[in-house]
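Enquirer: Note that the protein sequences, when read in sequence, are chains A and B.
Per this note's numbering, the very first residue in the first sequence carries number 1; after that it's consecutive.
Per this note's numbering, the very first residue in the second sequence carries number 1001; after that it's consecutive.
The C-beta atom is built at its ideal place from N, Cα and C for all residues, glycine as well.
In this text, all values refer to a predicted model and were calculated from it rather than measured experimentally.
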Amino acid sequence: MTEQELKIQEKKTAPPNGETTKTETYFAPHVDIFETEKDVTVIADMPGVSPEGIDLSLEDNILTIQGHRPLQQQTGRLILEEYESGQYMRRFTVAETIDQDNIEASLADGVLKVRLPKVGPAQPKKIEVKIG
Amino acid sequence: MAFIRFADRPAFRNPWAEFERIRQGLDELSRSYVDKGKVQSRANVYPALNIYEEADRVIVTAELPGVKAEDLELSIEGDTLTLQGKRDSRLSEAGVSYHRREIESGSFSRAVALPIKVDSEHVGAKLNNGILTITLMKASELTPRQIKVTAE
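(1) Mark L116/A as exposed unless 16 or more other C-beta atoms lie within 10 angstroms of its C-beta, in which case mark it buried.
(2) Decide if G1037/B is buried, meaning its Cβ has at least 16 other Cβ atoms within 10 Å, or exposed.
(3) Can you tell which of T1082/B, V1149/B, E1102/B, P1144/B has its C-alpha closest to the C-alpha of A1048/B?
(4) Counting only beta-carbon separations shorter than 9 Å, does Q78/A have a partner in chain B?
(5) In the DSSP output, what is Y1098/B paired with across the bridge?
(6) One question on the structure: do P1065/B and D109/A come within less than 9 Å of each other, judged by their Cβ atoms?
(7) Between the alpha carbons of R1145/B and T21/A, how many angstroms are there, rounded?
(8) Would you mind working out which of S1140/B, K1068/B, G1124/B, P1115/B sits nearest T1133/B, comparing C-alpha positions?
(9) Let me see if you follow: with CB-CB separation under 9 Å, is H68/A close to chain B or not?
(10) Check whether chain A comes within 9 Å of P1144/B, counting only Cβ atoms and requiring the distance to be less than that.
(11) Is it true that the stretch 1044-1058 of chain B meets the stretch 81-93 of chain A, where meeting means three or more beta-carbon pairs spaced less than 8 Å apart?
(12) Go ahead and label A1151/B buried or exposed: buried means 16 or more other beta carbons lie within 10 angstroms of its beta carbon, across all protein chains shown.
(13) Would you decide whether N102/A is buried or exposed? Buried here means 16 or more other CB atoms lie within 10 Å of its CB.
Here's what the structure looks like:
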């Protein structure tokens, strides 16, 4: 078994839409995206976000994943700080036609999984021309 | 007629008191620099940790997305805290084509020397939405103790 050592991946900040009024840091979560014949699956690492904090939308073929988490104010003195926490936000352009009504999302251990079912190619509609 | 109250007289001068005052001032100064500059130490061993100190406890937090509680092993020996675990998120299904692969899977192991003596009998850890929080109580001789003053 080839056990790979996990490495620290640098968190990239995601530019929010325009400027925010609150000074919050937005991070772009790391994602895995894979496709099968039936669907497209997006897996995103969003530690600290509870299911209520997830905000998903698919509009004009743009999938927006947002994760809001309450930033608990840690009391006490900070001895070591190796990571920062913040909100999550990432956008993707989805090329396939997605069945918007059947999108499923689940969250476990801080990992979001979104399943976007594909729609079969639309049947070309025949237009009859009437002679009149 | 001028009155000189007893309290106005300079108390016995401790020659070291001034040094102590300067030392405290410098401590305060360096502490505020640390807070402002946010000295972020770049960790090179997974996972990245944040450590907080409270009056009676030390709190260690880490972001561990995708790591299940049963795959996580924590141990404490003396003042060395060891975190071990693995993350397995790969799907090996046929007919799957990846577009992006940014999430890694594998194992990790990290040992940290805690800066403060802790009571290894009282350690609590919880994993909530991918965030691990370890609460370590300080060794009893280090926790501040209230001293009751009784009136006689």
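Expert: Put simply:
(1) buried
(2) Confidence in G1037/B is poor, its pLDDT being 44 and thus under 50, which makes the residue's placement unreliable; the coordinate value appears in the next sentence. Flag for G1037/B reads exposed.
(3) The shortest C-alpha to C-alpha distance from A1048/B to any of T1082/B, V1149/B, E1102/B, P1144/B is the one to T1082/B.
(4) The residue you asked about is not Gln; residue 78/A is Leu in the sequence shown. So, interface residue.
(5) F34/A
(6) Yes; because the gap between Cβ atoms is below 9 Å, this pair is in contact.
(7) 43 Å
(8) G1124/B
(9) no
(10) no
(11) yes
(12) exposed
(13) exposed
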